[in-house]
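Report on the structure given below.
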Amino acid sequence: MKVIVCKDYDDMSKKAADLVISNIIEKPQIKLGLATGSSPIGLYENLIKANDEGEISFRYAKSVNLDEYVGISADNDQSYKYFMKKNFFDHVSFNEGANILPSAPENDEKYAKDYDKILDEFGQRDIQILGIGENGHIAFNEPADKLNRRTSIVKLSESTIEANSRFFASEEDVPRYAISMGLSDIFNARTIILLANGKKKHEAVKKLIEGTSIDPHLPASFLALHPNVYIYVDEEAYRG
Ligand code: F6R
Numbered sequence: 016m017k018v019i020v021c022k023d024y025d026d027m028s029k030k031a032a033d034l035v036i037s038n039i040i041e042k043p044q045i046k047l048g049l050a051t052g053s054s055p056i057g058l059y060e061n062l063i064k065a066n067d068e069g070e071i072s073f074r075y076a077k078s079v080n081l082d083e084y085v086g087i088s089a090d091n092d093q094s095y096k097y098f099m100k101k102n103f104f105d106h107v108s109f110n111e112g113a114n115i116l117p118s119a120p121e122n123d124e125k126y127a128k129d130y131d132k133i134l135d136e137f138g139q140r141d142i143q144i145l146g147i148g149e150n151g152h153i154a155f156n157e158p159a160d161k162l163n164r165r166t167s168i169v170k171l172s173e174s175t176i177e178a179n180s181r182f183f184a185s186e187e188d189v190p191r192y193a194i195s196m197g198l199s200d201i202f203n204a205r206t207i208i209l210l211a212n213g214k215k216k217h218e219a220v221k222k223l224i225e226g227t228s229i230d231p232h233l234p235a236s237f238l239a240l241h242p243n244v245y246i247y248v249d250e251e252a253y254r255g
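When the letters of the sequence shown are read in order and numbered with our numbering, they come out as residues 16 to 255.
Next comes the structure, spelled out in C-alpha cells:
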C-alpha cells in the first residue's frame with residue numbers, strides 16, 4: 016500500500032485525480048469502479064475540470080459503481096444513482112449505457128446475483144475508487160466475522176447509519192440495507208485508490224496503515240493483500 020499524505024481535502028482530491036487522469040490519457044477506453052459519499056466529490060470535480068479543458072474524455076470509458084441503498088428509487092435525491100448523476104455523470108459525456116450501478120428495489124439476494132453477472136461481463140476494472148467508513152468498511156462491507164466475496168445484500172451497521180444520517184432528514188430515514196460489491200470484486204481491479212479525509216476517519220486510517228494483521232472487523236485491512244493500492248489521506252485523517 017502506498018500512502019500519500021495530503022495537506023487537506025482539496026490536495027487529496029487533486030493528487031488522486033492526477034493519477035486517474037494519467038491513466039485515462041494512457042488508456043481512453045478505461046474501465047472505472049466508482050464510489051459515492053463525500054470523499055470522492057472533489058476527485059470527480061477535478062475529473063470534470065480536466066474533461067472540460069479537453070485534457071481527457073470519457074467517450075470510450077465505462078464505469079461500474081460499488082453499492083446502492085436497498086429500496087430507494089433512482090429519482091430519490093439520496094440514491095447513489097442520483098448522487099452519481101449530480102456529481103459526475105451529468106457533467107461528462109460517457110457513451111450511452113456505459114455506467115452501471117447496482118439496484119435492489121427490495122431486500123432480495125436475487126439482485127445481488129444479477130449484479131455479479133453484470134460485473135463478470137464488465138471484466139477487470141483498471142481503477143477502483145474507494146472511500147472508507149469510520150468503522151473501516153469499504154463499499155458496504157461492514158465489520159463482521161466473515162466478509163462477502165461477491166455482491167450481497169448487507170445490513171448496515173449502527174455506525175454507518177449514524178455516519179450517513181448527515182445526508183438524510185433524520186437517522187430513521189437512513190435505509191437499513193444496501194446492495195454492495197464484495198471483497199473479490201473490489202480486488203478485481205488493477206489499481207485501487209482509497210480516499211480518506213477528516214478527523215473522523217483517523218482511527219480507521221491508523222489501523223489500516225499501521226495494522227499488522229488482516230482483520231474482517233476492519234474490512235479495509237484486506238487491501239494490504241492487493242499489489243497496487245494508493246491511499247490518499249489528508250493530514251487530519253492521518254494525524255488525528
Ligand atoms: C460509497 C461507499 C462507502 C463510502 C464510505 C465513506 O459508495 O462505498 O464505503 O465510501 O462510507 O463515506 P464518506 O465518503 O461519505 O465519508
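Beta carbons are placed, not taken as given, at the ideal position from N, Cα and C, and that holds for glycine.
Of the residues the options, the one placed nearest residue i, counting alpha carbons only
{"i": "K215", "options": "D230, R254, I224, M27", "result": "R254"}
{"i": "L145", "options": "D188, A235, E68, E186", "result": "A235"}
{"i": "A193", "options": "I63, D25, N80", "result": "N80"}
{"i": "E111", "options": "E124, D131, D123, R74", "result": "R74"}
{"i": "S167", "options": "S118, S174, I208", "result": "S118"}
{"i": "K77", "options": "H106, G138, A239, K128", "result": "G138"}
{"i": "K128", "options": "N163, I224, V189, E225", "result": "N163"}
{"i": "N66", "options": "P43, T51, L49, I19", "result": "P43"}
{"i": "R165", "options": "Y126, V189, S180", "result": "Y126"}
{"i": "D121", "options": "T175, F109, N61, K170", "result": "According to the sequence shown, residue 121 is Glu rather than Asp. Measuring from the Cα of E121, the nearest candidate turns out to be K170."}
{"i": "H201", "options": "E225, F183, N156", "result": "Before going further, note that residue 201 is Ile rather than His in the sequence given. Of the listed residues, the one whose Cα sits closest to I201 is N156."}
{"i": "F183", "options": "V220, G52, T227", "result": "G52"}
{"i": "D131", "options": "K64, A154, M16, S195", "result": "S195"}
{"i": "L240", "options": "A204, V248, E218", "result": "A204"}
{"i": "K17", "options": "L223, N91, S228", "result": "L223"}
{"i": "E251", "options": "K221, S228, H217, E225", "result": "H217"}
{"i": "S72", "options": "K46, A219, G57, N91", "result": "K46"}
{"i": "D141", "options": "L34, D249, F109", "result": "L34"}
{"i": "N198", "options": "L134, Y97, G213", "result": "Note on identity: in this sequence residue 198 is Leu, with Asn being the wrong assignment. It is L134."}
{"i": "Q93", "options": "L238, S185, F109, E136", "result": "S185"}
{"i": "D249", "options": "V220, S228, L238, E225", "result": "V220"}
{"i": "N212", "options": "G226, G148, F109", "result": "G148"}
{"i": "A154", "options": "L238, I19, I229", "result": "L238"}
Own chain partners of residue i with C-beta closer than 8 Å, once the 5 adjacent residues on each side are dropped
{"i": "P158", "result": "N150, G151, H152, S172, P231, H232, L233, P234"}
{"i": "I63", "result": "F103, H106, V107"}
{"i": "Y97", "result": "A89, D90, N91"}
{"i": "F109", "result": "F73, R74, A76, K77, S78"}
{"i": "M99", "result": "L49, T51, N80, N114, L116"}
Residues near residue i in its chain [Cβ-Cβ closer than 7 Å; skip 5 each side]
{"i": "P55", "result": "I144, G146, L210"}
{"i": "F104", "result": "N114"}
{"i": "Y59", "result": "N102, F103"}
{"i": "E160", "result": "According to the sequence as given, residue 160 is Asp; it is not Glu. Cβ neighbours of D160 beyond the five flanking positions: P231."}
{"i": "V189", "result": "I176, N179, S180, F183"}
Nonlocal neighbours in the same chain, by C-beta distance under 6 Å from residue i, ignoring five residues either side
{"i": "K29", "result": "N61"}
{"i": "Y95", "result": "T51, E83"}
{"i": "E187", "result": "none"}
{"i": "E123", "result": "First, the amino acid is wrong: residue 123 is Asp here, not Glu. So the list is empty, once near-sequence residues are dropped."}
{"i": "G48", "result": "V79, R140, Q143, A204"}
{"i": "A32", "result": "L58, N61, L62"}
{"i": "T227", "result": "none"}
### Task
Could you tell me which uninterrupted alpha helix (DSSP H) segments, each at least 4 residues in length, are contained entirely in the stretch 140 to 211, listed from first to last along the chain?
173 to 179, 198 to 202
### Task
Report yes or no: do the stretch 23 to 39 and the stretch 83 to 98 share at least 3 C-beta pairs separated by less than 8 Å?
no
#### Entry: Stretch-stretch touch, CB-based, cutoff 8 Å, three pairs: the stretch 20 to 30 with the stretch 97 to 114
no
### Message
Quick check: the stretch 195 to 208 against the stretch 241 to 251, are at least 3 beta-carbon pairs closer than 8 Å?
### Response
yes
### Segments of 4+ residues assigned as alpha helix (DSSP H) that fall wholly inside the stretch 52 to 77
56 to 67
#### Entry: Uninterrupted beta strand (DSSP E) stretches inside the stretch 93 to 137 (no shorter than 3 residues)
none
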